[in-house]
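K.L.:
Number of protein chains: 2
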Amino acid sequence: MNDIKIIAFDIFGTVVDWYGSVAREVDSLDLGVRGSEFAMAWRAGYKPAMQRVASGACGWTIIDDLHRQILDELLERYAITGLDEQAKRRLNKVWHRLDAWPDSVAGLTRLKSKYTICSLSNGNIGLLADLAKRAGLPWDCILSAEVFRKYKPDPDTYLGVARIFDVAPGEVMLAAAHHDDLAAARACGLATAYIERPTEFGAEKPKDVSARPENTVHASNIENLATQLGC
Amino acid sequence: MNDIKIIAFDIFGTVVDWYGSVAREVDSLDLGVRGSEFAMAWRAGYKPAMQRVASGACGWTIIDDLHRQILDELLERYAITGLDEQAKRRLNKVWHRLDAWPDSVAGLTRLKSKYTICSLSNGNIGLLADLAKRAGLPWDCILSAEVFRKYKPDPDTYLGVARIFDVAPGEVMLAAAHHDDLAAARACGLATAYIERPTEFGAEKPKDVSARPENTVHASNIENLATQLGC
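Taken in sequence, the protein lines are chains Y and L.
For what it's worth, the numbering used here labels the leading residue of the first sequence as 1, then goes sequentially.
For what it's worth, the numbering used here labels the leading residue of the second sequence as 1001, then goes sequentially.
Shown next, in the form of structure tokens:
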């Protein structure tokens, strides 16, 4: 644990509240579908879309474009016809306007005093920069699947963080609210911090956030991670 | 000018003082060569090394590794034998420890209130992140040739900034202390800001920093750029 120099953060669900943010914006547009349902359906298309890229079924495609493909499918599925091209483009960029969890900025600011902190997200660089600027996330560096042209959980992404900063994999910690992401990082030799986000899918569908012994740290949120790491 | 959304900054010479920083560190090591001479010789190897990459003579190679190749040549040329591998690695990373010009942090902070500000440097991502963390450069995003796997002045780097942020090339301004960099950006449709750095090569070798009409803005430093852009 004393070897850690870099902490890389998953973003969607870990640092920002995608579910609540997308649901609120969809509700505000009055499209005739519940925002919470639309947010879950949009996110459900995300992993299959990335798998199409990872499998080689299509070339490298950034998340903005994958989000747009899924959005177009959903607009058809829900028979939503009132949006012109400009409105669709704007709605697609709701993923650039996700609100941070209340502890994110304070926790990251504390961690930054002792560690190099970066994102490691499947979101594209422009999306992550917009999120950071809007929410005030104080990254030392924005790293994205787009830098590596591979999506997590490809080992090139986790090992890429170590390579970028010229450190050993064991000197990098991945912080994420998702066990599959952490497991893939651990297989590459990274330390792992599980961040509890019990309301990632809404307060009405609480997520199991019980501790698992394989993680280096289990933290109730990012401020608590900072406390545990002595920041 | 009112269309500008993104300002991308060249780094070496424009935001940080590579010459003075490298010269001071070399002098402090007492290697038997004047720091100012060593700094100039090191930098002189930089463009030819990048051209070897651009020409395809060698595969993609980051600046840290090009700097090391040049350093090894210089240690031989100057018959410097007193450095072990750890000392060579540490000296090579002097390029991660360059001091910012006195106006850089204040100017960038002002520009950040109105624009998205990023680096666009041939330095690798880890180098740029280390520079920023040490000097407090408040980037919204670190962009590097490493993201595009092309070195400036390849058009893919300038157009890459526009693509990353999903804006038109004319909505991006490159700020640099070098006319060749600005000319290449202008050929891609970017706006350009020339930043005077008369002492880039030391106070004893003042650089011609006279204005050229082809640039969108001519600024005496980054604080002055902020003033001219209404920040």
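Where a beta carbon is used, it is the ideal one built from N, C-alpha and C, also for glycine.
#1: Does the pairing of the segment 1167 to 1176 of chain L with the segment 167 to 186 of chain Y give three or more beta-carbon distances under 8 Å?
#2: Could you tell me the distance, in whole angstroms, from the CA atom of R134/Y to the CA atom of S1113/L?
#3: Rounded to whole angstroms, what is the Cα-Cα separation between Q228/Y and E196/Y?
#4: Per the DSSP calculation, L1066/L is bridged to which residue(s)?
#5: Checking contacts by CB at 8 Å: is V1147/L closer than that to chain Y?
#6: So with Cβ pairs under 8 Å, would you call A129/Y a contact of chain L?
#7: Give me the DSSP bridge partner(s) of H259/Y.
#8: Which bits of chain Y does G1126/L rub up against, with CB to CB less than 7 Å?
#9: Just tell me which of V217/Y, K207/Y and D154/Y has its CA closest to the CA of V53/Y.
#10: On the DSSP bridge assignment, give the partners of M173/Y in chain order.
#11: Starting from the Cα of V1167/L, find the closest Cα among L1190/L, P1102/L and L1074/L and give me that residue.
#12: Give the secondary structure of I80/Y by DSSP, where H, G and I count as helix, E and B as strand, and everything else as coil.
#13: Between A1185/L and Y1158/L, which are expected to be in contact by the criterion C-beta below 8 Å, what is the C-beta distance as a whole number of angstroms?
#14: For the segment 1086 to 1120 of chain L, which residues have a beta carbon sitting closer than 7 Å to at least one beta carbon of chain Y?
#15: Along chain Y, in chain order, which residues have C-beta atoms closer than 8 Å to that of D1140/L?
#16: Determine, using beta carbons only, whether D140/Y and S21/Y come nearer to each other than 8 Å.
#17: Round the Cβ separation of A39/Y and V26/Y to the nearest angstrom and send it over; I've been treating them as touching at under 8 Å.
#18: Determine, using beta carbons only, whether L1131/L and V1209/L come nearer to each other than 8 Å.
#19: From this set, L1143/L, P1169/L, K1205/L and T1216/L, which residue's C-alpha is nearest C1188/L's C-alpha?
#20: So, with DSSP's three-state summary, where would you put F1012/L?
#21: Assuming contact is defined by CB atoms lying nearer than 8 Å, are G1123/L and F165/Y in contact in what I supplied?
#22: Report back the beta-carbon spacing between A1219/L and A1183/L to the nearest angstrom; my notes put them in contact at under 8 Å.
#23: Distance check for P213/Y and K5/Y, CA to CA, integer angstroms please.
#24: Around the C-beta of G230/Y, are 16 or more other C-beta atoms found within 10 angstroms, so that it is buried, or is it exposed?
P.N.:
Concretely, from the data shown:
#1: Result no; under three Cβ-Cβ pairs closer than 8 Å.
#2: Counted from its first residue, the first sequence places residue 134/Y at position 134. Counted from its first residue, the second sequence places residue 1113/L at position 113. Going from the Cα of R134/Y to the Cα of S1113/L covers about 11 Å.
#3: For the purposes of this step, residue 228/Y is taken as residue 228 along the first sequence, with counting starting at 1. For the purposes of this step, residue 196/Y is taken as residue 196 along the first sequence, with counting starting at 1. Cα to Cα, Q228/Y sits roughly 14 Å from E196/Y.
#4: By one-based count along the second sequence, residue 1066/L stands at place 66. Within the DSSP secondary-structure output, L1066/L pairs in no beta bridge.
#5: Within the second sequence, numbered from 1, the residue matching residue 1147/L stands at position 147. Yes, V1147/L lies at the interface with chain Y (some Cβ there is under 8 Å from its Cβ).
#6: Translated into the one-based positions of the first sequence, residue 129/Y becomes position 129. At least one chain L Cβ lies under 8 Å of A129/Y.
#7: Any question about residue 259/Y goes unanswered here, given that chain Y covers just 1 to 231.
#8: Locating residue 1126/L in the second sequence gives position 126, counting from the first residue. Near G1126/L (Cβ distances below 7 Å), the residues of chain Y are I164, F165 and D166.
#9: Working through the first sequence from its first residue, we reach residue 53/Y at position 53. With distances taken between Cα atoms, V53/Y lies closest to D154/Y.
#10: Position 173 of the first sequence holds residue 173/Y. According to DSSP, which records beta bridges pairwise, M173/Y is partnered with I7/Y and A191/Y.
#11: Position 167 of the second sequence, counted from the start, is the residue given in the question as residue 1167/L. With distances taken between Cα atoms, V1167/L lies closest to L1190/L.
#12: Position 80 of the first sequence, counted from the first residue, corresponds to residue 80/Y. Of the three classes helix, strand and coil, the one that applies to I80/Y here is coil, per DSSP.
#13: Here residue 1185/L is taken as the residue at index 185 of the second sequence, counted from 1. Here residue 1158/L is taken as the residue at index 158 of the second sequence, counted from 1. Sure, about 5 Å apart at Cβ, within 8 Å.
#14: So the close ones are T1116.
#15: For the purposes of this step, residue 1140/L is taken as residue 140 along the second sequence, with counting starting at 1. Residues of chain Y passing the Cβ test: A129, A132 and K133.
#16: The sequence position of residue 140/Y within the first sequence is 140, counting from 1. The sequence position of residue 21/Y within the first sequence is 21, counting from 1. Contact flag unset, no.
#17: By one-based count along the first sequence, residue 39/Y stands at place 39. By one-based count along the first sequence, residue 26/Y stands at place 26. Indeed, because the Cβ distance is near 7 Å, the residues count as touching under 8 Å.
#18: Within the second sequence, numbered from 1, the residue matching residue 1131/L stands at position 131. Within the second sequence, numbered from 1, the residue matching residue 1209/L stands at position 209. Not closer than 8 Å, so no.
#19: As a position in the second sequence, residue 1188/L is number 188, starting the count at 1. When only C-alpha atoms are compared, the closest one is P1169/L.
#20: Here residue 1012/L corresponds to residue number 12 of the second sequence, with the count starting at 1. F1012/L: strand per DSSP, three-state reduction.
#21: For the purposes of this step, residue 1123/L is taken as the residue at position 123 of the second sequence. For the purposes of this step, residue 165/Y is taken as the residue at position 165 of the first sequence. Their beta carbons are not under 8 Å apart, which means G1123/L does not touch F165/Y by this criterion.
#22: In the second sequence, residue 1219/L corresponds to position 219, counting from 1. In the second sequence, residue 1183/L corresponds to position 183, counting from 1. With 8 Å as the limit, A1219/L and A1183/L do not qualify as a contact, their Cβ atoms being about 17 Å apart.
#23: Position 5 of the first sequence, counted from the start, is the residue given in the question as residue 5/Y. Position 213 of the first sequence, counted from the start, is the residue given in the question as residue 213/Y. Cα to Cα, K5/Y sits roughly 22 Å from P213/Y.
#24: Along the first sequence, read from residue 1 onward, the residue named residue 230/Y stands at position 230. Counting Cβ neighbours within 10 Å, G230/Y comes out exposed, since fewer than 16 surround it.
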